[in-house]
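There are 2 protein chains.
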Amino acid sequence: MNNFAFYNPTKIIFGKGQIKQLDKQIPKNAKVLITYGGGSVIKNGVMDAVKKELAKSDRAVFEFGGIEPNPKFETLMKAVLTVRGNNIDFLLAVGGGSVMDGTKFIAVASVSDEYFGKEEELLYLGFAGAQTEKILPLGTVATLPATGSEMNNGAVVTKGTDKLPFFHKEAYPQFSILDPEYTFSLPATQVANGVIDSFVHTVEQYVTYPAEGRFQDRTAEGILQTLVEIGKKTVDNPNDYDARANLVWCSTMALNGLIGSGVPQDWSVHMIGHELTALHGIDHAKTLAIVLPAMWKERKTQKKEKLIQYGERVFGIKTGTDDERVDSAIAKTEEFFHSLGVGTKLSDYGVGEKDIEPILENLKKHKMTALSEHGDVDLNVSEQVLRKAL
Amino acid sequence: MNNFAFYNPTKIIFGKGQIKQLDKQIPKNAKVLITYGGGSVIKNGVMDAVKKELAKSDRAVFEFGGIEPNPKFETLMKAVLTVRGNNIDFLLAVGGGSVMDGTKFIAVASVSDEYFGKEEELLYLGFAGAQTEKILPLGTVATLPATGSEMNNGAVVTKGTDKLPFFHKEAYPQFSILDPEYTFSLPATQVANGVIDSFVHTVEQYVTYPAEGRFQDRTAEGILQTLVEIGKKTVDNPNDYDARANLVWCSTMALNGLIGSGVPQDWSVHMIGHELTALHGIDHAKTLAIVLPAMWKERKTQKKEKLIQYGERVFGIKTGTDDERVDSAIAKTEEFFHSLGVGTKLSDYGVGEKDIEPILENLKKHKMTALSEHGDVDLNVSEQVLRKAL
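Set out below in structure tokens:
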């Protein structure tokens, strides 16, 4: 097992009707900015429930809507001006991953003296993250199980065709209220995306090479087994509380730092996927469904032992030669994605051979030329992966 | 899945040589009290390493040794006086569960105005815990994988023949440094105890009744499978880093709130076990090894579905009638404890039929008359359990 530090101070408040805990989580006299997206939280009644709780104490409540999927720097900067103009001292993200991600950026950018007037530079600090001293406190009422943003300190923000990772050591939500019923009104395609996003977050921290992280492996496998068990069920039966609750909790646990502590991590699938979203507007999760099987086909040798373990423990593949077991594990993964109604080829999304070069150029521009747990996924490997995904 | 809140702000710093992170974790000008036990940390060099790190900044460092296994109220009150007399503002527990548990009590008792002069009352607040406002910050350098105290807000403190649970909502260590190498010098019997303690912590939150907590079940099973895989190995080969690292991490994860969130919990084995320690001085873990199999034999009906699931997923028991599978699961558990050199009968520890009545009286005195996930383990059931353990 590798050395690690694990720290995650977010308080999770999980279950039916837990919005009633909201009033206790935010200072009574706070000036709160509610951030949200395209308005689905207004239609499904979540916003009303949030406002009703906030009104139980003497708070000033402001709103900022319109944070789009793959939240844009320009949009978030408008929210930063709202924060500054109204002396907001608490941010409450009500929505999915993009709203939560965007709110983390707002929390850092709006109170940083160092980056005042050049907030854009905060987006190019890479995985080391912003080191600014101050950050506004934030909480979330999460409405989409997918990104794990409700219990981590990371975000992804888009500027032009740059889809950029953003971290700050203090950007953990103070609390996240996760009511599975708040996700019942999601369209099936977004639920399928959430299942795949959680699945791929997990395998990026697990299908690498053996490192004697037995708890980490078993926990990752537990998330994957659960997603396989309840994935199609929760897409097809949105009002099945238990299936959805299991998706919500697995999606949070898939990316809160726990399963990746002390073991190698990959993330090359995500990095290539980000360019597909930036250049072709394909949903984040669908880019993962495209790139993951192709990556594994290209990287069978490097990931052989863990792919065999994954096949056996997640899909029960116990017979055949090593190569057959690896192929079976990849095929079962593709079948699982297909069962959720999600295509796993670039051609399913209108992307062809001619589009590969611009993707590689973007990877180069973003310095994504030494990806994977071994740092050996260079542009040549990425090209082979994309060709296998055609 | 049941509603739940999960919150755990302890920073875990895990691995070889991580003591080097200590200086960064404690304020530079702090007045630190190092708490420790019988002195093994002096013999094995951990104390020297701790002091060397603390001396890197201008801190006043005090020491309080002699916290015994099953830490006594009277001992801890001496430490409370040391804290008050020297205006200590940071507590650093260096040792195992008893030292960490005792230090949590010291952290609360030494700064409570409400309980000043009547600190003993803090011990009789039950699972609701102390609600005092102030608590001294504490950190740990943990040297024994067993209790999970390094990443939770609970403790057990003994007064006379009362072995009492103690909680405070803020009693999480700010940080815990877990270096598996610091546990290499432990005697085999303590390592075996640690394996069993971690194992029983896990099953008390898992072998109850089905509640659609799939992540929780799989994670609990992952801990149990790992302990079965590495338990004997790490007892027999104390210097095997990876085996020990897996024990250390599993033992922390077994009792940090994660696997018990949103699912039923039992704890009746612990409560009966505590009386065996209080009255007969049997090691905590050994009391669990005695009571657990007897409890399961007595409660086969109530725990049938989970015992079958446990047998299948942890020990691979997939054939036989339901009753046979339940019996097999219990037998495999006993075999596992025996493989660690630990007896599972009261008679192994010189306790007989005549000792049952005083144990039941103690349970009654401590209001432990409605235990288990169903609240139906009364004194009659406890008596049957103890008879089955003779």
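Read top to bottom, the protein sequences are chains A and B. Numbering follows the numbering used here, in which position 223 of the first sequence is assigned residue number 223; successive positions increment by one, without gaps. If you want the numbering used here, it's the position in the second sequence, counting the first as 1, plus 1000. In this text, a Cβ means the ideal position worked out from N, Cα and C, and glycines have one as well.
Could you give the DSSP three-state label for residue i: helix, strand or coil?
| i | result |
| --- | --- |
| residue 1034 of chain B | strand |
| residue 1128 of chain B | helix |
| residue 1148 of chain B | coil |
| residue 307 of chain A | helix |
| residue 1168 of chain B | strand |
| residue 1260 of chain B | coil |
| residue 1006 of chain B | strand |
| residue 1068 of chain B | coil |
| residue 405 of chain A | As shown, chain A starts at 1 and ends at 390. That puts residue 405 of chain A outside it, with no answer to give. |
| residue 1011 of chain B | strand |
| residue 1082 of chain B | helix |
| residue 1040 of chain B | helix |
| residue 177 of chain A | strand |
| residue 90 of chain A | strand |
Please classify residue i as buried or exposed, where buried requires at least 16 other C-beta atoms within 10 Å of its C-beta.
| i | result |
| --- | --- |
| residue 1341 of chain B | exposed |
| residue 81 of chain A | exposed |
| residue 1057 of chain B | exposed |
| residue 173 of chain A | buried |
| residue 1187 of chain B | exposed |
| residue 1086 of chain B | exposed |
| residue 347 of chain A | exposed |
| residue 1376 of chain B | exposed |
| residue 39 of chain A | exposed |
| residue 996 of chain B | No statement about residue 996 of chain B is possible, as the shown extent of chain B runs from 1001 to 1390 and does not include it. |
| residue 48 of chain A | exposed |
| residue 1030 of chain B | buried |
| residue 1134 of chain B | exposed |
| residue 1373 of chain B | buried |
| residue 1226 of chain B | buried |
| residue 179 of chain A | buried |
| residue 366 of chain A | buried |
Output, in chain order, the set of chain B residues within a Cβ distance shorter than 7 angstroms of residue i.
| i | result |
| --- | --- |
| residue 219 of chain A | 1219 and 1222 |
Quick check on this structure: which residue in the options has the alpha carbon closest to the alpha carbon of residue i?
| i | options | result |
| --- | --- | --- |
| residue 258 of chain A | B/1003, B/1004 and B/1014 | B/1014 |
| residue 1027 of chain B | B/1088, B/1162 and B/1007 | B/1088 |
| residue 123 of chain A | A/333, A/386, A/90 and A/160 | A/160 |
| residue 17 of chain A | A/182, A/287, A/121 and A/219 | A/182 |
| residue 1383 of chain B | B/1149, B/1110 and B/1291 | B/1291 |
| residue 421 of chain A | A/218, A/211, A/148 and A/220 | Here chain A covers residues 1 to 390 and nothing more, so residue 421 of chain A does not appear. |
| residue 1004 of chain B | B/1263, B/1120 and B/1246 | B/1263 |
| residue 1275 of chain B | B/1158, B/1238 and B/1376 | B/1158 |
| residue 1162 of chain B | B/1300, B/1070, B/1218 and B/1042 | B/1070 |
| residue 350 of chain A | A/322, A/324, A/381 and A/277 | A/277 |
| residue 1041 of chain B | B/1078, B/1093 and B/1054 | B/1093 |
| residue 324 of chain A | A/297, A/336 and A/212 | A/297 |
| residue 1237 of chain B | B/1202, B/1192, B/1223 and B/1265 | B/1192 |
| residue 1171 of chain B | B/1115, B/1106 and B/1116 | B/1106 |
| residue 1235 of chain B | B/1099, B/1077, B/1336 and B/1115 | B/1336 |
| residue 1308 of chain B | B/1331, B/1164 and B/1380 | B/1331 |
| residue 12 of chain A | B/1010, B/1011, B/1006 and B/1012 | B/1006 |
| residue 75 of chain A | A/101, A/55, A/51 and A/197 | A/101 |
| residue 241 of chain A | B/1008, B/1310 and B/1212 | B/1212 |
| residue 150 of chain A | A/239, A/345, A/334 and A/98 | A/98 |
Just to check my reading of the structure: residue i and residue j have Cβ atoms closer than 8 angstroms, yes? What is that Cβ distance to the nearest angstrom?
| i | j | result |
| --- | --- | --- |
| residue 1144 of chain B | residue 1190 of chain B | 6 angstroms |
| residue 1152 of chain B | residue 1255 of chain B | 6 angstroms |
| residue 175 of chain A | residue 104 of chain A | Not really, about 14 angstroms apart at Cβ, beyond 8 angstroms. |
| residue 260 of chain A | residue 205 of chain A | 4 angstroms |
| residue 354 of chain A | residue 326 of chain A | At roughly 31 angstroms, the Cβ-Cβ gap does not stay under 8 angstroms, so residue 354 of chain A and residue 326 of chain A are not in contact. |
| residue 1230 of chain B | residue 1022 of chain B | Not confirmed; about 27 angstroms, so no contact. |
| residue 269 of chain A | residue 253 of chain A | So it is not a contact: roughly 19 angstroms between Cβ atoms. |
| residue 95 of chain A | residue 25 of chain A | Contact flag wrong, Cβ pair sits at about 17 angstroms. |
| residue 1312 of chain B | residue 1306 of chain B | The pair is not a contact, with the Cβ atoms about 11 angstroms apart (cut-off 8 angstroms). |
Residue i versus chain A: which residues are under 7 angstroms apart at the beta carbon?
| i | result |
| --- | --- |
| residue 1240 of chain B | Result: empty, since nearest Cβ-Cβ is about 10 angstroms, beyond 7 angstroms. |
| residue 1225 of chain B | 218 |
In chain A, which residues lie less than 8 angstroms from residue i when you measure between Cβ atoms?
| i | result |
| --- | --- |
| residue 1375 of chain B | Chain A residues near residue 1375 of chain B: none, gap ~21 angstroms exceeds 8 angstroms. |
| residue 1018 of chain B | 3 |
Given that residue i touches chain B, what residues does it touch there, using C-beta distances under 8 angstroms?
| i | result |
| --- | --- |
| residue 229 of chain A | 1214 |
| residue 11 of chain A | 1005, 1006 and 1007 |
Using a cut-off of 9 angstroms between C-beta atoms, extract the partners of residue i located in chain A.
| i | result |
| --- | --- |
| residue 1262 of chain B | 14, 15, 245 and 249 |
| residue 1253 of chain B | 215, 219 and 258 |
Any beta carbon from chain E within less than 8 angstroms of residue i's own beta carbon?
| i | result |
| --- | --- |
| residue 100 of chain A | In the structure shown, chain E does not exist; the protein chains are A and B. |
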